[in-house]
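Numbering that gives the first Met the number 0 puts the first residue of the sequence shown at 0, with every later residue one more than the last.
What follows is one structure encoded as structure tokens, with my remarks underneath.
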Amino acid sequence: MRRKNIIIGNWKMYKNMEDTKNFFNQFSKLMKSKDITCDYGIAASYTNLPLLKLQKNNHLIIAAQNCHYETAGAFTGEVSIPMLKDINVSHVVIGHSERRMYFNETNEDINKKIHALFNANMIPILCCGETDGEYEAKKTNDVIKNQIALALTNIKVEDVTKLVIAYEPIWAIGTGKTASVVEAQAVCKMIRHYIGELYDEVTAQKVRIQYGGSVKPENIKSFLEQPDIDGALVGGASLQPESFLGLLV
Ligand code: PGA
């Protein structure tokens, strides 16, 4: 059976509370005109997450953009998984390239966060992707396999079936450049095959793999038509309600 598409808007460090309220006021009106069958949600900044909980939309996945792996402690500036769970967050974006690049997040940190999220019955959206230089040097597959193997170290097979992986070539994020549909499909297929090697084929067929990087309403369908692409992680095009709705299928 074909996996259900999952489309998540990544709002990064955009929108205050007023902007968020306005977005959902408009989105809830607009969405009535569309039959949405995919899973969808927004990864908002911590300050806006309580507002997502107030939406009378049972289908909206409330996602955070990061978390700490300890449940509590002296970690000034951090937010724990129980704190997120408390406000109905069910999914957390983990290892986004911006966190790896600007906040020195390592594969080891990412692995700890994935363990902690599954222990709390929450779903990680594990991001992976290569830099421009790695892409040009044809190292994409090696880089991604390494990121996935380290991120999933000692993660149990029954948890992996619930995992969402987002393949986001770093050179395509916020640049207007997208991987070609053929390239994106090839990498997502490689990821699925590799999950099959690390675990088994049945598990590999259950994992949902998103593509991310300059996805827009105009190009999303061509990605979703690919056999190994099960959704998208979308930054820029998720910030406006019309455009976000245009991404949903
Ligand atoms: P973009 O961002 O859609 O603006 O390229 C994607 C992401 O960073 O997840």
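The beta-carbon is built from N, C-alpha and C at its ideal position, and this holds for glycine as well.
Need the endpoints of the beta strand (DSSP E) that Arg207 sits in, please.
Position 208 of the sequence shown, counted from the first residue, corresponds to residue 207. Its beta strand (DSSP E) spans residues Arg207 to Gly211.
Extent of the continuous beta strand (DSSP E) to which Cys127 belongs:
Within the sequence shown, residue 127 is the residue found at index 128, counting from 1. That run of the beta strand (DSSP E) goes Ile122 to Cys127.
Drop a sphere of 10 angstroms on the beta-carbon of Lys176, count the other beta-carbons inside from all chains shown, and report buried for 16 or more, exposed for fewer.
Here residue 176 refers to the residue found at position 177 when the sequence shown is read from its first residue. Per the 10 Å Cβ criterion, exposed.
May I have the straight-line CA-CA distance separating Val250 from Met100, to the nearest angstrom?
No answer is possible for residue 250: the residues shown for the chain start at 0 and end at 248.
Which of the three DSSP states is assigned to Tyr45 in this structure?
As a position in the sequence shown, residue 45 is number 46, starting the count at 1. Reduced to three states, the DSSP call for Tyr45 is helix.
Can you list the alpha helix (DSSP H) stretches of 4 or more residues lying completely in the segment 139–201, in chain order?
139–150, 156–159 and 180–197
Quick check on DSSP: helix, strand or coil for Tyr326?
Since the first residue shown for the chain is 0 and the last is 248, residue 326 is missing from the structure and cannot be characterised.
Heavy atom of ligand 1 within 6 Å of Leu246 beta-carbon:
Within the sequence shown, residue 246 is the residue found at index 247, counting from 1. For ligand 1, not one heavy atom lies less than 6 Å from the Cβ of Leu246.
Helix, strand or coil for Tyr39? Go by DSSP, reduced to three states.
Within the sequence shown, numbered from 1, the residue matching residue 39 stands at position 40. Note: Tyr39 maps to strand in three-state DSSP.
Considering only C-alpha positions, which residue in the set Thr152, Lys28, Asp34 and Tyr45 is nearest to Lys14?
Counting from one through the sequence shown, the residue named residue 14 turns up at place 15. Looking at the Cα atoms, Tyr45 is the closest of the given residues.
Beta carbon of Ser89: closer than 6 Å to some heavy atom of ligand 1?
Position 90 of the sequence shown holds residue 89. False, no ligand heavy atom lies under 6 Å from that Cβ.
Between the Cα of Val201 and the Cα atoms of Gly212, Glu157 and Ile169, which residue gives the shortest distance?
One-based indexing of the sequence shown puts residue 201 at position 202. Nearest C-alpha to Val201: Glu157.
Should Leu232 be listed as close to ligand 1, given that the test is whether its C-beta is under 6 Å from any heavy atom?
By one-based count along the sequence shown, residue 232 stands at place 233. Correct: Leu232 has its Cβ closer than 6 Å to ligand 1.
Compute the Euclidean distance between the alpha carbons of Met121 and Asn106, then round it to the nearest angstrom.
Against the sequence shown, residue 121 aligns to sequence position 122. Against the sequence shown, residue 106 aligns to sequence position 107. C-alpha separation (whole angstroms): 19 Å.
For the alpha helix (DSSP H) containing Ala115, name the first residue and the last one.
Counted from its first residue, the sequence shown places residue 115 at position 116. Where Ala115 is concerned, the enclosing alpha helix (DSSP H) stretches over Asn106 to Asn118.
contact_flag[the segment 102–119, the segment 133–144] where n(CB pairs < 8 Å) is 3 or more:
no
May I have the straight-line CA-CA distance separating Ile154 from Phe26, to the nearest angstrom?
Mapped onto the sequence shown, residue 154 falls at position 155. Mapped onto the sequence shown, residue 26 falls at position 27. About 37 Å.
Beta-bridge pairing of Leu59 - partner residues as DSSP gives them:
As a first step, residue 59 is located in the sequence shown; it is residue number 60 there, counting from the start. BP columns for Leu59 point to Tyr39.
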